[in-house]
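Student:
4 protein chains.
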Amino acid sequence: MITIIIGTNRQDAVSKNIAHYYQGILKKKGADSQLLDLKELPKDFAFSALYENSGKNQKFNDFRTKVENSEKFVFIVPEYNGSFPGILKTFIDGLKYPDSFSQKKCALIGLSSGVQGAGLALSHLTDIFNYLGMHVFAIKPKLSQINDHFDGKEISNNLYNELLDQQAEGFIKF
Amino acid sequence: MITIIIGTNRQDAVSKNIAHYYQGILKKKGADSQLLDLKELPKDFAFSALYENSGKNQKFNDFRTKVENSEKFVFIVPEYNGSFPGILKTFIDGLKYPDSFSQKKCALIGLSSGVQGAGLALSHLTDIFNYLGMHVFAIKPKLSQINDHFDGKEISNNLYNELLDQQAEGFIKF
Amino acid sequence: MITIIIGTNRQDAVSKNIAHYYQGILKKKGADSQLLDLKELPKDFAFSALYENSGKNQKFNDFRTKVENSEKFVFIVPEYNGSFPGILKTFIDGLKYPDSFSQKKCALIGLSSGVQGAGLALSHLTDIFNYLGMHVFAIKPKLSQINDHFDGKEISNNLYNELLDQQAEGFIKF
Amino acid sequence: MITIIIGTNRQDAVSKNIAHYYQGILKKKGADSQLLDLKELPKDFAFSALYENSGKNQKFNDFRTKVENSEKFVFIVPEYNGSFPGILKTFIDGLKYPDSFSQKKCALIGLSSGVQGAGLALSHLTDIFNYLGMHVFAIKPKLSQINDHFDGKEISNNLYNELLDQQAEGFIKF
Numbered sequence: 118m119i120t121i122i123i124g125t126n127r128q129d130a131v132s133k134n135i136a137h138y139y140q141g142i143l144k145k146k147g148a149d150s151q152l153l154d155l156k157e158l159p160k161d162f163a164f165s166a167l168y169e170n171s172g173k174n175q176k177f178n179d180f181r182t183k184v185e186n187s188e189k190f191v192f193i194v195p196e197y198n199g200s201f202p203g204i205l206k207t208f209i210d211g212l213k214y215p216d217s218f219s220q221k222k223c224a225l226i227g228l229s230s231g232v233q234g235a236g237l238a239l240s241h242l243t244d245i246f247n248y249l250g251m252h253v254f255a256i257k258p259k260l261s262q263i264n265d266h267f268d269g270k271e272i273s274n275n276l277y278n279e280l281l282d283q284q285a286e287g288f289i290k291f
Numbered sequence: 118m119i120t121i122i123i124g125t126n127r128q129d130a131v132s133k134n135i136a137h138y139y140q141g142i143l144k145k146k147g148a149d150s151q152l153l154d155l156k157e158l159p160k161d162f163a164f165s166a167l168y169e170n171s172g173k174n175q176k177f178n179d180f181r182t183k184v185e186n187s188e189k190f191v192f193i194v195p196e197y198n199g200s201f202p203g204i205l206k207t208f209i210d211g212l213k214y215p216d217s218f219s220q221k222k223c224a225l226i227g228l229s230s231g232v233q234g235a236g237l238a239l240s241h242l243t244d245i246f247n248y249l250g251m252h253v254f255a256i257k258p259k260l261s262q263i264n265d266h267f268d269g270k271e272i273s274n275n276l277y278n279e280l281l282d283q284q285a286e287g288f289i290k291f
Numbered sequence: 118m119i120t121i122i123i124g125t126n127r128q129d130a131v132s133k134n135i136a137h138y139y140q141g142i143l144k145k146k147g148a149d150s151q152l153l154d155l156k157e158l159p160k161d162f163a164f165s166a167l168y169e170n171s172g173k174n175q176k177f178n179d180f181r182t183k184v185e186n187s188e189k190f191v192f193i194v195p196e197y198n199g200s201f202p203g204i205l206k207t208f209i210d211g212l213k214y215p216d217s218f219s220q221k222k223c224a225l226i227g228l229s230s231g232v233q234g235a236g237l238a239l240s241h242l243t244d245i246f247n248y249l250g251m252h253v254f255a256i257k258p259k260l261s262q263i264n265d266h267f268d269g270k271e272i273s274n275n276l277y278n279e280l281l282d283q284q285a286e287g288f289i290k291f
Numbered sequence: 118m119i120t121i122i123i124g125t126n127r128q129d130a131v132s133k134n135i136a137h138y139y140q141g142i143l144k145k146k147g148a149d150s151q152l153l154d155l156k157e158l159p160k161d162f163a164f165s166a167l168y169e170n171s172g173k174n175q176k177f178n179d180f181r182t183k184v185e186n187s188e189k190f191v192f193i194v195p196e197y198n199g200s201f202p203g204i205l206k207t208f209i210d211g212l213k214y215p216d217s218f219s220q221k222k223c224a225l226i227g228l229s230s231g232v233q234g235a236g237l238a239l240s241h242l243t244d245i246f247n248y249l250g251m252h253v254f255a256i257k258p259k260l261s262q263i264n265d266h267f268d269g270k271e272i273s274n275n276l277y278n279e280l281l282d283q284q285a286e287g288f289i290k291f
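Chains as they are written, first to last, in the numbering used here: chain A, 118 to 291; chain B, 118 to 291; chain C, 118 to 291; chain D, 118 to 291.
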């Protein structure tokens, strides 16, 4: 069971649709997955579930449990302000350390409306996950100008599809 | 007027005390400053002040206005999970673009209880601020093992004091 | 006097032509500049001018002197293997520390034949220059797919020209 | 067979001794390894084995062959000027693409005389190796102030030994 994390809390985020699309790719290859949508986080979790309140927010604890029970993760990472959304790191800051990610494995997919494809975002996240002891799969597709290549259901860009396929194929065996 | 941003919402954060300490250094050199404490952010701002709700949270807008009216910033950046706190990036994600930071200047100070002094955190933040068009002062003190060198009021480590003094001196003229 | 450093030793590098182009931009704005071409480095400098041989290679010392006598630098940085050319860092490794770059200023321009525009290269270089105490100008044009937009003499892409102009204008006053 | 790459061409580099030490750790765990010492590179390889001269330097080609025939690498990475030595990247720039590293695996070890333990160097290298399609083992020991903890034969710091042991143990199975 692979957990796909939608790395933003934006309403109607393209990330969510990409997550569904990636779930389809995994399914065709015989791999089950579940989605974790940061939009569903308790709205005040940055204050009610971190630091001195760590573990005290039951709704947030449900997210924690799902993470702790997973061994493999896919992160869908939109580019905001030259890196990944702050809420994704806040979510990570609220997880149990080191049980959540240590000795586990993840794959990263970057999205952007602009031309960078979240390149720096994926670099920063790799630093963080390596720090937490999680192995990051080397191939990290950077889907730039995503709105030109994705209609919400299908990706029309062949290179993007090849990269995602290659990543999914390798990550299942990683 | 320099705005010092306390980069975490943790209660009783050492960052807040370092911010006061740094304010003292600036004052001795004749530079006025104000503090902006992320702990005071509306608890649900990640949901009520970003994206489709941008500009709609009046309490968050007060933070926005202070940022827009400042030309120089000092960020006190504690290390969490190998980078800076997620809430700091979420705060940045809620600011007005590009008026908030473009063509402005900032200085960064890293803190950690461990040995790294938030080195990667400062690297990630530099990427973000450069992306937003803000110049980052080159000297970025990394105050590792801060609890051994700071009693909440005074820093006892001479090297740390020299670095902070050198940074403050240069940043005022930057 | 601004020193423009051509960040590769490749023969017929597009970086050299971009350096000339940028020199033209600076000249129109009234700023003099000189070129430093890594292709002219002594071929064995990585062995004859570093570490135990620091300062012993007279031809390399001429490069050192030019760097030490400059206050402002522009680096033309092609993307190789996901970062900047190794020879550029080897060149930096041979310079005098800390006189070469401390408290000086630089601007960075990334080039790539692919779509990334050397984004990670510029991030890595910023880390290095900040470590060495050199301020990096925030605007760092990333000229991706350069061969589609530059004929060796003129850049035809308007956005690229605007970014370079904006950078040059700001850097002269930085 | 694991290939351990000594990431500098400095004479009497501590990296070489650490490489031997690490080879001992691997051997105790039943894993064979060979050393590749960048000090042995042809002195002018940056000019005679790259770009237009790719593949033409027979002595450099011997290095290439060793890399192409290896599936797992350990990089011993000393910190120079806030990142890794330029010669290591120049070496990478001379290798065959993409056969050298694609779909292979590596582990990184950082060394520094100062307090940072080459943290940024390892981050930059991870970006490069991931770009080249090589998976990087998450645990990357940062051996700061190495001269206080290593006499050239044995590491006296227990934490360092634990980290290296944990890394080697995991990397053999990675």
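C-beta atoms are modelled at their ideal positions from N, C-alpha and C, and glycine is treated no differently.
Quick one: grab the DSSP three-state call for A/TYR168.
Tutor: Position 51 of the first sequence, counted from the start, is the residue given in the question as residue 168 of chain A. Helix, per DSSP.
Student: Please classify C/GLN284: does DSSP put it in a helix, a strand, or coil?
Tutor: Taking the third sequence and counting its residues from 1, one reaches residue 284 of chain C at position 167. In the structure shown, C/GLN284 sits in a helix (DSSP, three-state: H, G or I).
Student: Please list the partners that D/ASP210 has in chain C, where partner means a Cβ-to-Cβ separation under 9 Å.
Tutor: Locating residue 210 of chain D in the fourth sequence gives position 93, where the first residue counts as 1. Within 9 Å Cβ-Cβ: TYR197, ASN198, PRO202, GLY203 and ILE204.
Student: Between which two residues does the alpha helix (DSSP H) harbouring D/ILE263 extend?
Tutor: Along the fourth sequence, one-based indexing puts residue 263 of chain D at 146. Where D/ILE263 is concerned, the enclosing alpha helix (DSSP H) stretches over 263-266.
Student: CA-CA distance, C/SER219 and C/PHE291?
Tutor: For the purposes of this step, residue 219 of chain C is taken as residue 102 along the third sequence, with counting starting at 1. For the purposes of this step, residue 291 of chain C is taken as residue 174 along the third sequence, with counting starting at 1. C-alpha separation (whole angstroms): 15 Å.
Student: Roughly how many angstroms lie between the CA atoms of D/PHE180 and D/LEU153, to the nearest whole one?
Tutor: As a working mapping, residue 180 of chain D is identified with position 63 in the fourth sequence. As a working mapping, residue 153 of chain D is identified with position 36 in the fourth sequence. Approximately 8 Å between the Cα atoms of the pair.
Student: Considering only C-alpha positions, which residue in the set C/LYS160, C/GLU196, C/ALA148 and C/ILE263 is nearest to C/LEU237?
Tutor: Here the question's residue 237 of chain C lines up with position 120 in the third sequence. Ranking the options by Cα distance to C/LEU237, first place goes to C/GLU196.
Student: Going by C-alpha to C-alpha distance, which of A/ASN275, A/GLY234 and A/ILE119 sits closest to A/GLN151?
Tutor: Working through the first sequence from its first residue, we reach residue 151 of chain A at position 34. Closest by alpha carbon: A/ILE119.
Student: Distance, Cα to Cα, C/ALA255 vs C/SER171?
Tutor: As a working note, residue 255 of chain C is residue 138 in the third sequence. As a working note, residue 171 of chain C is residue 54 in the third sequence. Cα to Cα, C/ALA255 sits roughly 32 Å from C/SER171.
Student: Tell me the rounded alpha-carbon separation between B/ASN126 and B/LEU242.
Tutor: Walking along the second sequence from the start, residue 126 of chain B turns up at place 9. Walking along the second sequence from the start, residue 242 of chain B turns up at place 125. Taking the straight line from one Cα to the other gives about 17 Å.
Student: Mind listing, in chain order, the continuous beta strand (DSSP E) runs of no fewer than 3 residues lying wholly within the stretch 166-209 of chain C?
Tutor: 189-195
Student: Do you know whose CA, among D/HIS252, D/LYS146, D/GLN284 and D/ILE123, lies nearest D/HIS137's CA?
Tutor: In the fourth sequence, residue 137 of chain D corresponds to position 20, counting from 1. If we check each option's Cα against that of D/HIS137, D/ILE123 comes out closest.
Student: Between which two residues does the alpha helix (DSSP H) harbouring A/LYS298 extend?
Tutor: Absent from the model: residue 298 of chain A. The displayed extent of chain A is 118 to 291, so no value can be given.
Student: Excluding sequence positions up to five away, which residues of its chain have a Cβ less than 6 Å from the Cβ of B/LEU239?
Tutor: To locate residue 239 of chain B, count along the second sequence from 1; it is residue 122. Same-chain partners within the cutoff: LEU225, GLY227 and LYS257.
Student: Using a beta-carbon distance cut-off of less than 8 Å, what residues from the stretch 230-243 of chain D approach chain B?
Tutor: VAL232, GLN233, GLY234, GLY236, LEU237 and SER240
Student: Under DSSP, the alpha helix (DSSP H) around D/GLN316 begins and ends at which residues?
Tutor: There is no way to answer for residue 316 of chain D, as the model of chain D reaches only from 118 to 291.
Student: List the residues of chain B that A/GLN262 touches, going by C-beta distances under 7 Å, in chain order.
Tutor: Your numbering for residue 262 of chain A matches position 145 in the first sequence. Within chain B, no residue comes near A/GLN262; the closest Cβ sits about 17 Å away, beyond 7 Å.
Student: So A/ALA148 is in the beta strand (DSSP E); what residue range does that whole segment cover?
Tutor: Here residue 148 of chain A refers to the residue found at position 31 when the first sequence is read from its first residue. A/ALA148 -> no beta strand (DSSP E), and no H or E assigned at all.
Student: Any beta carbon of chain D sitting closer than 9 Å to that of B/LYS160?
Tutor: Mapped onto the second sequence, residue 160 of chain B falls at position 43. No - not a single Cβ of chain D is within 9 Å of the one on B/LYS160.
Student: Closer than 7 Å by beta-carbon distance: list the chain D residues that pair up with C/GLU157, in chain order.
Tutor: Along the third sequence, one-based indexing puts residue 157 of chain C at 40. Going along chain D, no residue has its Cβ under 7 Å from C/GLU157, so there is no contact; the nearest lies around 11 Å.
Student: Using the DSSP secondary-structure output, state which residues sit across from A/LYS222 in a beta bridge.
Tutor: For the purposes of this step, residue 222 of chain A is taken as residue 105 along the first sequence, with counting starting at 1. Its beta-bridge partners are A/LYS189 and A/HIS252.
Student: With contact counted as at least three CB pairs below 8 Å, one residue from each stretch, are the stretch 203-222 of chain A and the stretch 197-214 of chain B in contact?
Tutor: yes
Student: So is A/PHE192 in contact with chain D if we call contact Cβ pairs under 9 Å?
Tutor: Position 75 of the first sequence, counted from the start, is the residue given in the question as residue 192 of chain A. Cβ-Cβ to chain D under 9 Å: no for A/PHE192.
Student: Which first and last residues belong to the beta strand (DSSP E) in which B/THR125 is found?
Tutor: As a first step, residue 125 of chain B must be located in the second sequence, where it is residue number 8. Where B/THR125 is concerned, there is no enclosing beta strand (DSSP E), given that its DSSP letter is neither H nor E.
Student: Going by other Cβ atoms of all chains shown within 10 Å of its Cβ, with 16 needed for buried, is B/GLY211 buried or exposed?
Tutor: Position 94 of the second sequence, counted from the start, is the residue given in the question as residue 211 of chain B. So B/GLY211 counts as buried.
Student: Please list the partners that B/ILE119 has in chain C, where partner means a Cβ-to-Cβ separation under 8 Å.
Tutor: Here the question's residue 119 of chain B lines up with position 2 in the second sequence. The contacting residues do not exist; B/ILE119 stays about 17 Å from chain C at best.
Student: For D/VAL131 and A/LYS189, what's the separation of their Cα atoms in angstroms?
Tutor: Your numbering for residue 131 of chain D matches position 14 in the fourth sequence. Your numbering for residue 189 of chain A matches position 72 in the first sequence. Going by the C-alpha atoms only, they are around 37 Å apart.
Student: Can you grab the Cα-Cα spacing for the pair B/ASP129 / A/TYR168, in whole Å?
Tutor: Mapped onto the second sequence, residue 129 of chain B falls at position 12. Mapped onto the first sequence, residue 168 of chain A falls at position 51. C-alpha separation (whole angstroms): 10 Å.
Student: Compare the C-alpha of B/ASP161 against each of B/GLU185, B/TYR214 and B/THR207 and name the closest.
Tutor: Here residue 161 of chain B refers to the residue found at position 44 of the second sequence. With distances taken between Cα atoms, B/ASP161 lies closest to B/THR207.
Student: Quick one: is D/GLU185 near chain C, going by C-beta distance under 9 Å?
Tutor: Within the fourth sequence, the letter at position 68 stands for residue 185 of chain D. Chain C contact via Cβ: absent.
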